Amino acid sequence: MRVILMTGKGGVGKTSVAAATGLRCAELGYKTLVLSTDPAHSLADSFDMDLGHDPRLVRDNLWGAELDALQELEGNWGAVKRYITQVLQARGLEGVQAEELAILPGMDEIFGLVRMKRHYDEKEFEVLIIDSAPTGTALRLLSLPEVGGWYMRRFYKPFQNMSVALRPIVEPIFRPLAGFSLPDREVMDAPYEFYEQIEALEKVLTDNTQTSVRLVMNPEKMVIKESLRAHAYLSLYNVSTDMVVANRIIPESVDDEFFKRWKEQQQKYKEEIHENFHPLPVKEVPLYSEEMCGLEALDRLKNTLFEEGEDPTKVYHEETTLRVEQLGNSAYSLEMYLPGIPKDQVDLSKSGDELNVRIGNHRRNLVLPQALAAMQPVGAKMEEDFLKIKFAEPAKV
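Counting from -12, one number per residue, gives the positions in the sequence shown under the numbering used here.
Encoded structure:
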């Protein structure tokens, strides 16, 4: 299955791009599902039809669905939610408050990814296009297997077995004192099963032969910064980005004096997009004079995005443009793809959480992940077309 994730800052038009990409895939004969995992769904508005939690046919070979986080949570986390609610109610919280607090922050986002893994396993569709939450925040949760793996295998699993074995003995004493029961096997099994799902999903998302992220942005300063940060985080977790879509560019035919300043600024930011995301391909989409709502409008967007016969399922850029690797406990290597550039032509400087890379007259700004932002670049070398920059904690005075 080919998996394509559309992400970008809220309001840049990623849902429209996801829907238009789905239309072209379906047109080429691929059985395609466009799935919205954004809590603020707009996919149904984009297709101009009702969508629900289960896939609904939109056009030949094309289905759409909007994730119902509560329904997905109940199916994956229901036993744990009910147990936490019981514990909180025993501590004096009212029913509604206990129910709300039993849902941990970020659970709806991560269950969207679990839903994606289920579609991947079922193999019902050939192409899965994810209209994800803004800036792909949920993808940062892919660090969960790395952080939690050791605890799950070494601590949680033995504790789980011990808890289930002791429950019949301790329960008669514990319940009258605490006011709630000890967790049963269903409750104890859920977190580990959930961890296993996320671990399996990570393998799918980090396989750049079948999974790609496409960054959608507008030519605006804040949007570009957010997209650079998203690209850095995706690279940190080895999730491949193969395309950038620069959306809502004012056409040259617009000569109204009101838009003159806007067009000048957009030209500047377009150049920044091409420079900062090089060598990723950049597709430019104009600002339309109508709302991208309904299949007729999406067909026009589809034809702008993709030339006749062009296959959106291909991997547009196979080489990883940015990689982050850990070197021991307190050092990282940031590797940037710069084919044919000698090291003596590269100048580096860091300001806050930004790394400035200058090559001749060209400059690229990278917004660093938090793990690197607190560190300092301490060396750089060129290996096999990759500039490798070592980061380490600043020396203590």
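Beta carbons: idealized from backbone N, C-alpha and C, even for Gly. All values reported here derive from a predicted model rather than from experimental measurement.
The C-alpha of L(-8) is placed about 14 Å away from the C-alpha of L188. When Cβ pairs closer than 8 Å are counted between the two stretches, the stretch 242 to 249 is seen not to touch the stretch 35 to 45, the count staying below three.
For L285, the uninterrupted alpha helix (DSSP H) run begins and ends at L282 to L292, by DSSP. Assigned with DSSP and collapsed to three states, T8 falls in helix. With contacts defined as CB atoms closer than 8 Å, V232 and K270 qualify as a contacting pair. Of the residues assessed, K110 falls on the exposed side of the cut-off, its CB having fewer than 16 other CB atoms within 10 angstroms. Just so you know, the alpha carbons of L321 and E312 end up roughly 7 Å apart. Judged by their CB atoms, Y319 and M279 are not nearer to each other than the 8 Å cut-off. Counting only runs of 4+ residues, the alpha helix (DSSP H) found wholly inside the stretch 183 to 247 occupies 208 to 223, in chain order. Scanning its chain for C-beta atoms nearer than 8 Å, with the 5 sequence neighbours on each side dropped, one finds around G339 the residues A360, in chain order. In the structure shown, S276 falls within a coil segment according to DSSP collapsed to helix, strand and coil. Annotation: E186 to L353 spans about 29 Å, alpha carbon to alpha carbon. Ranking E283, T308 and L54 by CA distance to the CA of E371 puts T308 first. With respect to the C-alpha of K337, the residue from L314, R310, F264 and P381 having the closest C-alpha is P381. Going by DSSP, F373 is part of the beta strand (DSSP E) stretching over F373 to A379. DSSP places A52 inside the beta strand (DSSP E), whose first and last residues are L49 to E53. Cβ-Cβ distances below 8 Å link P273 to R235, I236, I237, P238 and T291 in the same chain, with the five nearest sequence neighbours on each side left out; the list follows chain order. One Cα belongs to R102, the other to R43, and the distance between them is close to 16 Å.
Taken through DSSP and simplified to helix, strand or coil, N343 comes out as strand. In this structure L314 is not in contact with K368, their Cβ atoms being roughly 13 Å apart against a cut-off of 8 Å.
A check of alpha carbon separations from V191 across T24, T2, V365 and V226 identifies V226 as the nearest. DSSP places L80 in no alpha helix (DSSP H); its state is neither H nor E. Excluding five sequence positions before and after A284, the CB atoms of its chain that fall closer than 8 Å to its own CB belong to Y275, E277 and E278, given in chain order.
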